[in-house]
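Asks:
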Amino acid sequence: MSIRLYDTSASQVRDFVPLVPGCVSIYLCGATVQAAPHIGHIRSGLNFDVMRRWFAYRGYDVTFVRNITDIDDKIIEKSRLSGLPWWQIGYANERAFNEGYDALGCLPPTGEPRATGHVPEMIEMMRTLIGNGHAYEADGNVYFSVTSYPDYLSLSHQELDNLRQPSGEGETGKRDQRDFALWKSVKPGEPSWETPWGRGRPGWHLECSAMAHKYLGAAFDIHGGGRDLIFPHHENEIAQSKAFGDDFASYWLHNAWVTLSGEKMSKSLGNSVLVSEMVQKWRPIVLRYYLGTPHYRSTIEYSEEALREAETAFARIESFAQRVVEQHGEVTAAVHVPPAFGEAMDDDFGVPQALAIVHTAVRQGNAALAADDKENAVARLAEVRAMLGVLGLDPLDAMWAGPAQGEDLHGVVDALVKLVLEQRQAARERKDYATSDAIRDRLTQAGLAIEDRADGSRWTLG
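First residue of the sequence shown? That's 1 in full-length UniProt numbering, and the numbers climb one at a time after it.
(1) Going straight from the alpha carbon of residue 301 to that of residue 279, what length do you get?
(2) So for residue 200, helix, strand or coil by DSSP?
(3) Expressed to the nearest angstrom, what Euclidean distance is found between the alpha-carbon atoms of residue 152 and residue 309?
(4) Report the option in 16, 42 and 427 whose CA atom is closest to the CA atom of residue 225.
(5) Residue 185 bridges to which residues according to DSSP?
(6) For residue 252 versus residue 234, is the C-beta distance shorter than 8 Å?
(7) Here's the rule: buried if 16 or more other CB atoms are within 10 angstroms of the residue's CB, otherwise exposed. What is residue 351?
(8) Would you identify the three-state DSSP class for residue 221, choosing helix, strand or coil?
(9) Which residue from 123, 66, 34 and 44 puts its Cα closest to that of residue 84?
(10) Looking at the structure shown, is residue 174 part of a helix, part of a strand, or coil, going by DSSP?
(11) Can you give me the start and stop residues for the beta strand (DSSP E) that residue 386 sits inside?
(12) In this structure, what does DSSP give as the bridge partners for residue 138?
(13) Is residue 29 helix, strand or coil when you go by DSSP?
(14) Going straight from the alpha carbon of residue 241 to that of residue 396, what length do you get?
(15) When the Cα atoms are used, what is the spatial distance from residue 110 to residue 65?
(16) Using the Cβ count rule (16 or more neighbours within 10 Å means buried), how would you classify residue 181?
(17) Strictly by DSSP, which residues pair up with residue 129?
(18) Looking at the unbroken alpha helix (DSSP H) that takes in residue 252, where does it start and where does it end?
(19) Using only CA atoms, which one of 112, 77 and 25 lies nearest to residue 94?
(20) What residue range is occupied by the uninterrupted beta strand (DSSP E) comprising residue 5?
(21) My parser needs the beta strand (DSSP E) runs of 3 or more residues fully inside the stretch 53–77; what are they?
(22) Should residue 315 go down as buried or exposed, given a rule of 16 or more other Cβ atoms within 10 Å for buried?
(23) Tell me whether residue 350 sits in a helix, a strand or coil according to DSSP, three-state version.
(24) Based on Cα-Cα distance, which residue from 117, 133 and 323 lies nearest to residue 490?
(25) Inspect the beta-carbon positions of residue 68 and residue 89 and report whether they are closer than 8 Å.
(26) Here's the rule I'm using: 16 or more other beta-carbon atoms within 10 Å means buried, otherwise exposed. How should residue 431 be labelled?
(27) Using the beta-carbon count (16 or more within 10 Å), is residue 206 buried or exposed?
(28) Please report how far the alpha carbon of residue 404 lies from the alpha carbon of residue 284, in whole angstroms.
(29) Is the CB-CB distance between residue 222 and residue 26 below 8 Å?
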């Protein structure tokens, strides 16, 4: 069965047919590094990490490029307000983004180019666009003429007559207010580069077209990003790249937002939840489960309650894996995932449906443990590990082997719970069942699940 993708440009699910058989090329709009990442930023990288893993599982050779926008209006404004150099702000936040990706188990991209390293490529694109009549210079700015490209707005499906194009300060000399900037003329105190049209700095949209062309060529398979980038960013990328002569992307994939009280999580709105803070409160693998298991096109409404539910759901999976290993030794992941899991993932990366297969296998595995059926328990864990592996969520994988948040207290908690369980066992031996039941109820209220076995009682997170 072929992989099917929801293509924003077609507004429908399409069969994935790669440009090069056996290979897939992906360009993801990455971080604009004016501030440290919140969980909405990291969700995009995580969603495309799952997609990349699934392509690799299906046998594709994946080239995954995720750019860094290290110069733009917001970074310059941050520099002005803080008194720090623009490049220092950008680099510090670039590191923060990569620490967030690493913490949540995202594989590193094949390439991660910075915009400021590709000014020569941008100049070459502008020279071509001016030469073929799609762009023009005015007051040191270079603009793309949207009316010169008949298919403009084919991605966002807007009407040109109703278009309102965002414009920045100093964008003077436009022939049409709907035109957008490829290059912005120099302003006092701002970083700038020399071009045939004077000193200035790149426009946001041109950066990605130049980097995609350099690393993936004139045509590549998939362009991705958050749905807020559909217009103007991705729409303008298409126009300038195709007017330049590139076929550009065959498929457009967009992930939904993380919202807070119904609003998109945003640095500018001041409602963001920073990744660096979240990994101090929650285990990174739980955060990955929370952000990575809803469908990538579904909005996540952030709440601590939802995170606790995710923590509980993942604990059931992790507890099953640990119990099988404790009772039967290490279990290697199966070579293949169950067919139903594969069908779900092939259908536009249907992670929620795929995860239902995981939880079914966990329930079957727990039943096998209760029946002392080693063969089935081990087989179910092998399947679970294979499925979680392609989601980056295998709790037994070496990636998650480091000390988890609060792990240094695990021994202390274990000793305290064992002491309470010994008191409960003593009450049972003297037939004081009321006290025994009361102790169990208190432990359950504290979030612990107690399992009575022939060799004693065992506790896990409920």
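Idealized CB from N, CA, C, for every residue including glycine.
Replies: Let's see:
(1) 18 Å
(2) strand
(3) 44 Å
(4) 42
(5) 200
(6) yes
(7) buried
(8) strand
(9) 34
(10) coil
(11) Here residue 386 belongs to no beta strand (DSSP E); instead the alpha helix (DSSP H) covers 374–391.
(12) 141
(13) strand
(14) 44 Å
(15) 6 Å
(16) buried
(17) Answer by DSSP bridge pairing: none, since residue 129 is not bridged.
(18) Not the alpha helix (DSSP H): residue 252 falls in the beta strand (DSSP E), residues 248–255.
(19) 112
(20) 4–7
(21) 61–69
(22) buried
(23) coil
(24) The requested residue 490 is not part of the displayed model; the chain covers only 1 to 462.
(25) no
(26) exposed
(27) buried
(28) Confidence at residue 404 is low in this model, with a pLDDT of 45, below 50, so the placement of that residue is unreliable and no value is reported for it.
(29) yes
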